[in-house]
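**Student:** In this note's numbering, the protein residues as written are 613 to 1179.
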Ligand SMILES: [Zn+2]
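1. Run through DSSP, which three-state label would residue 849 get?
2. Give the DSSP-derived three-state secondary structure of residue 869 in the structure shown.
3. Using 8 Å as the Cβ pair cut-off and three pairs as the minimum, do the segment 1147–1166 and the segment 876–885 touch?
4. Please list the segments of the beta strand (DSSP E) lying wholly inside the segment 938–988, counting only runs of 3 or more residues, in order along the chain.
5. Secondary structure at residue 1081, three-state DSSP: helix, strand or coil?
6. Exposed or buried, residue 763, counting other C-beta atoms within 10 Å across all chains shown (16 or more means buried)?
7. Quick check: the segment 1015–1025 against the segment 1156–1168, are there 3 or more CB pairs under 8 Å?
8. Have a look at residue 680 and residue 646 and give me their C-alpha separation to the nearest angstrom.
9. Could you tell me which of 978, 1056, 1041 and 655 sits nearest to residue 851, measuring between CA atoms?
10. Could you tell me if the beta carbon of residue 912 falls within a distance shorter than 8 Å of some heavy atom in ligand 1?
11. By a C-beta neighbour count over all protein chains shown, 10 Å radius and 16 as the cutoff for buried, is residue 687 buried or exposed?
12. Can you give me the Cβ contacts of residue 1071 inside the same chain, cut-off strictly under 6 Å, excluding the 5 residues immediately before and after it?
13. By Cβ distance, which residues of its chain are closer than 8 Å to residue 766, with the 5 residues on each side in sequence left out?
14. If distances are taken between C-alpha atoms only, which option among 726, 665 and 693 comes closest to residue 856?
15. DSSP three-state label for residue 878, please.
16. Kindly indicate which three-state DSSP category residue 1234 falls into: helix, strand or coil?
17. Could you give the C-beta distance for residue 972 and residue 1174, rounded to a whole number, given that I count them as a contact under 8 Å?
18. So who's on the other strand from residue 814, going by DSSP bridges?
19. Should residue 678 be counted as a contact of ligand 1 given a C-beta to heavy atom distance under 8 Å?
20. From what residue to what residue does the beta strand (DSSP E) around residue 997 run?
21. Could you tell me if the beta carbon of residue 896 falls within a distance shorter than 8 Å of some heavy atom in ligand 1?
22. Taking 8 Å as the cut-off, is the beta-carbon of residue 867 closer than that to any non-hydrogen atom of ligand 1?
23. Could you pull the DSSP bridge partners for residue 1015 from this structure?
24. If you measure between the beta carbons of residue 807 and residue 666, is that distance less than 9 Å?
25. Judging by CA-CA distance, which residue of 925, 1060 and 1033 is the nearest neighbour of residue 869?
Take a look at the structure:
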């Protein structure tokens, strides 16, 4: 994969004369992974890092193999990397657009301007290293070492206008230098003290390696989360700073699975999640090549929130599945996963319209064995006819369907694994409006608030045709106490805490009245639903249940992704 931010290293390597810290071979758990933490519209004017474990920071860059080459260092424990334009810190600047920091006010209580205008000081001898430049800078107040396109410079001050810098330049006999498209300054957080300025043009970006002691495994705070590894700050196309986190694949997988499953879950389930996450990484590799990183940290690729939740068990799961991935016919499998399916996963074709033989949908007998643990297992929602119309009708109309007042709502077809394939609404003119896939799912999830595509709809009340009424003797029902239901065949049943009623076609669930406002005879749709997520691929709760029953991680994966190989 082509890295926009990296190249031109031979010259640098000779110039710096250092040996890089090495990463190991591609595709193993020790291979380096660059995870994009901030990019696109989320790219930053400035980013704060502070030491969690380890002290100080080393400055340098990454070569094409992502080895870190050190140029300089600081013993400061909180640094901010800002673009070389006028940048303000502080709570009021946090959400400004344009020149201000977007969200980097974490520990900053006053507003501080880091100006992009500096005075470049003449030197008798051209310095050739960070240390030499730093020594020269130390004979001035507010001077700092800068590395600009391969040349070390002593620069001074952070002025927000050329004029201010000009006054000082004349006093000291220096030249004014200003903003640049690709430069970044490292400052001591919350101050205007520049520790290092780096400008490698379009091709070389600043990397920051936390900690000065190689024997300490570092943890670094960034945006209120904690991370292993290094950071890269890349101004792609001269824009705001793209922040990436560099760490070995195994550590990245450890972080991902600790977020996706509770680290207390059965080890075989954690191992299945590790293989799944590794395959997912492999499959998404290169999606963000334009930004110079491998995979992003959001659910666009795979959620990654640093190392906050890792523990010995997540680490064990990574080690016991070292470098293993799921494959189908020699290609990385698309190992989608979700929380629970309620009894059957779904063919990807019925969900997203694509076809993969191993994403075919299976009847899932495992979740039920631990249903008491699963959130959103067998839950119920009710909608009055008026609510259903208010919620759903405008959406149907917005899709170009001239649906009048809805008088009926039914599930009309199930998939072979028991999920909803199509639904239909009937309007007051007797016209049917059937929907499948995208629109059906959109109605279920976005408008009715269901968590999955596994549900049933029952209708009760005046419009149900079965003659169900319930009453407490008055006009409203505020509780189920002393409430009776009369069914279509005139039988009467007292309602208890569980609001079931007898209808013309048997006993049906009836919703508890909300706010005492339920009207006698009003049509009500009751939706029983189970599962949480898209239902394509592996159920995490199913993996939990299978692990508890003694299945191994590869058996779990092969159950949910039939036909895959693991190696
Ligand atoms: Zn992504």
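Where a beta carbon is used, it is the ideal one built from N, C-alpha and C, also for glycine. Being a predicted model, the structure only gives us computed values, none of them experimental.
**Tutor:** Taking the structure as given:
1. Residue 849 sits at position 237 when you count from the first residue of the chain shown. DSSP places residue 849 in helix when its eight states are reduced to three.
2. Reading the chain shown from its first residue, position 257 is the one you call residue 869. Note: residue 869 maps to helix in three-state DSSP.
3. yes
4. 938–940
5. Within the chain shown, numbered from 1, the residue matching residue 1081 stands at position 469. Residue placement at residue 1081 is flagged as unreliable, the pLDDT there being 48, under the threshold of 50; the coordinate-derived value follows with that caveat. In the structure shown, residue 1081 sits in a strand (DSSP, three-state: E or B).
6. Taking the chain shown and counting its residues from 1, one reaches residue 763 at position 151. Burial call: exposed.
7. no
8. For the purposes of this step, residue 680 is taken as residue 68 along the chain shown, with counting starting at 1. For the purposes of this step, residue 646 is taken as residue 34 along the chain shown, with counting starting at 1. Spanning the two alpha carbons is a distance of roughly 13 Å.
9. As a working note, residue 851 is residue 239 in the chain shown. It is 655.
10. Sequence index remark: in the chain shown, residue 912 carries index 300 (1-based). Checking the Cβ of residue 912 against ligand 1 gives yes.
11. Counted from its first residue, the chain shown places residue 687 at position 75. Flag for residue 687 reads exposed.
12. Start at 1 with the first residue of the chain shown, and residue 1071 comes out as number 459. Hits under 6 Å: 1137.
13. As a working mapping, residue 766 is identified with position 154 in the chain shown. Only 732, 733, 735, 739, 745, 748, 749, 752, 755, 756, 757 and 758 meet the Cβ criterion.
14. Walking along the chain shown from the start, residue 856 turns up at place 244. Nearest of 726, 665 and 693 to residue 856, Cα basis: 693.
15. Position 266 of the chain shown, counting from 1, holds the residue named residue 878. Coil.
16. Outside the displayed span of the chain (613 to 1179) sits residue 1234, for which this structure offers no information.
17. Residue 972 sits at position 360 when you count from the first residue of the chain shown. Residue 1174 sits at position 562 when you count from the first residue of the chain shown. The pair is a contact, with the Cβ atoms about 6 Å apart (cut-off 8 Å).
18. Here residue 814 is taken as the residue at index 202 of the chain shown, counted from 1. None, per the DSSP bridge assignment.
19. By one-based count along the chain shown, residue 678 stands at place 66. Residue 678: no, Cβ never under 8 Å from ligand 1.
20. Along the chain shown, one-based indexing puts residue 997 at 385. Not the beta strand (DSSP E): residue 997 falls in the alpha helix (DSSP H), residues 997–1010.
21. In the chain shown, counting from the first residue as 1, residue 896 sits at position 284. Yes, the Cβ of residue 896 comes within 8 Å of a heavy atom of ligand 1.
22. On the chain shown, position 255 is the one that residue 867 refers to. No, since every heavy atom of ligand 1 falls outside the 8 Å radius drawn around the Cβ of residue 867.
23. The count along the chain shown starts at 1 and reaches residue 1015 at position 403. None; residue 1015 has no bridge partner.
24. Here residue 807 is taken as the residue at index 195 of the chain shown, counted from 1. Here residue 666 is taken as the residue at index 54 of the chain shown, counted from 1. It is not a contact, given that the beta carbons lie outside the stated cut-off.
25. Here residue 869 is taken as the residue at index 257 of the chain shown, counted from 1. Ranking the options by Cα distance to residue 869, first place goes to 925.
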